[in-house]
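Numbering (the working numbering), first residue to last: 1180 to 1490. These notes are about the structure you will find just below.
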């Protein structure tokens, strides 16, 4: 069976190293006509070719040589799967920043929970996951997987396509990205690549604050709202650092931060958090300024921001 042949071919290469050391020069690069470059994806292409199931003309006539390009290509073809089988491709995202860092050939799950996998990988080592210069069998956490790919070269190439929704129980780099959005929005979340009860709870909180259905699931609409909120915050902080002033009539994320800070300073205030600097916010700012020995002009400038603990 071709899947078995792919695994046998990869296994036979275990221990192969680049020569000279730290040169990225290998027989795989010679075969691919691109030697002296990072070669984890080239190794995958070589294995499939030698096993009699070449990946085909993707980045070159011999397959792939960039991990991100491989992910983008197979995603565009609908070939990402949530149920990897031995001989499928696995792509990793170490930092959970959305970038494909490394690639290998999936062997099996090591536990029934399917949280630890084994893979054959090229250009790796214990000290350097992505450019270690050796072919190895590696154990990896599901939490750092960006995608599993059925490359469509097998006769049993049925693909279970993933839904564009993240929910409780999911793992992987897409969950890490989601958690980073929530962290950037000041939710006290642990960024670990596992979608558990904590992530679901904070997601519901975000959805409630943004007048969205409280599903606790991250579909494309919710992800878009998170991305926009994070971007708004970054822009607001840049504005703050440039010496911004807020006054009656101002709008945006920074106004929300002021309203939240005023409520935190005086729990009895219960100021509506609307993002609009209207009369109630103006009066609350003046009262806060008077209480803290500032000019009570109702304008939030550097001194008031500092007293509120913003910035």
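All C-beta atoms in this analysis are idealised placements derived from N, C-alpha and C, irrespective of residue type, glycine included. Keep in mind it's a predicted model, so treat the numbers as computed, not measured.
query = The alpha helix (DSSP H) spanning residue 1224 covers which residue range?
reply = That run of the alpha helix (DSSP H) goes 1219 to 1229.
task = Quick one: residues in its chain with C-beta nearer than 7 Å to the C-beta of residue 1188, no 5 flanking neighbours on either side, listed in chain order?
result = Setting aside the 5 residues that flank it on each side, residue 1188 is surrounded in the same chain by 1226, 1229 and 1230, each with a C-beta closer than 7 Å to its C-beta; the list follows chain order.
key: Buried/exposed call for residue 1365, threshold 16 Cβ in 10 Å   = Using a 10 angstroms sphere on the CB of residue 1365, the tally of other CB atoms stays under 16, which defines it as exposed.
key: Neighbour-count burial assignment, residue 1319, 16 or more Cβ in a 10 Å radius   = With a 10 Å radius around the Cβ and a threshold of 16 neighbouring Cβ atoms, residue 1319 comes out buried.
query = Which residue from 1431, 1470, 1425 and 1459 puts its Cα closest to that of residue 1444?
reply = Looking at the Cα atoms, 1470 is the closest of the given residues.
inquiry  = Relative to the C-alpha of residue 1244, which candidate in 1262, 1394, 1408 and 1223 has its C-alpha closest?
reply    = Nearest to residue 1244 by alpha-carbon distance, out of 1262, 1394, 1408 and 1223, is 1223.
message = Residues in the same chain with beta-carbon distance under 6 Å from residue 1455, minus the five sequence neighbours each way, listed in chain order, please.
response = Correct list, in chain order: 1430.
message = Rounded to whole angstroms, what is the Cα-Cα separation between residue 1467 and residue 1441?
response = Approximately 8 Å, taken between the alpha carbons.
query = Looking at C-beta atoms only, is the number of pairs between the stretch 1231 to 1240 and the stretch 1296 to 1305 that lie closer than 8 Å three or more?
reply = Touching, no, given that fewer than three Cβ pairs across the two stretches are closer than 8 Å.
ask   = Can residue 1221 and residue 1205 be called in contact, C-beta distance under 9 Å?
value = Taking 9 Å as the cut-off, the Cβ atoms of residue 1221 and residue 1205 count as close.
inquiry  = Looking only at its chain, what residues have a beta carbon closer than 6 Å to the beta carbon of residue 1412, apart from the 5 residues adjacent to it on each side?
reply    = For residue 1412, same chain residues with a beta-carbon under 6 Å away, outside a window of 5 residues either side, are 1432 in chain order.
Rounded straight-line distance, which links the Cα of residue 1315 to that of residue 1271 = For residue 1271 and residue 1315, the distance between alpha carbons rounds to 15 Å.
task = Tell me, to the nearest whole angstrom, how far the beta carbon of residue 1368 is from that of residue 1381; I am working on the premise that it is less than 8 Å.
result = At roughly 5 Å, the Cβ-Cβ gap stays under 8 Å, so residue 1368 and residue 1381 are in contact.
ask   = To which residues of the same chain is residue 1373 closer than 7 Å at the C-beta, ignoring the five residues directly before and after it?
value = Close CB contacts of residue 1373 within its chain, under the 7 Å cut and outside five residues either way in sequence, are with 1322, 1350 and 1354 (chain order).
ask   = DSSP three-state call for residue 1293: helix, strand or coil?
value = The three-state reading of DSSP puts residue 1293 in coil, since its state is none of H, G, I, E or B.
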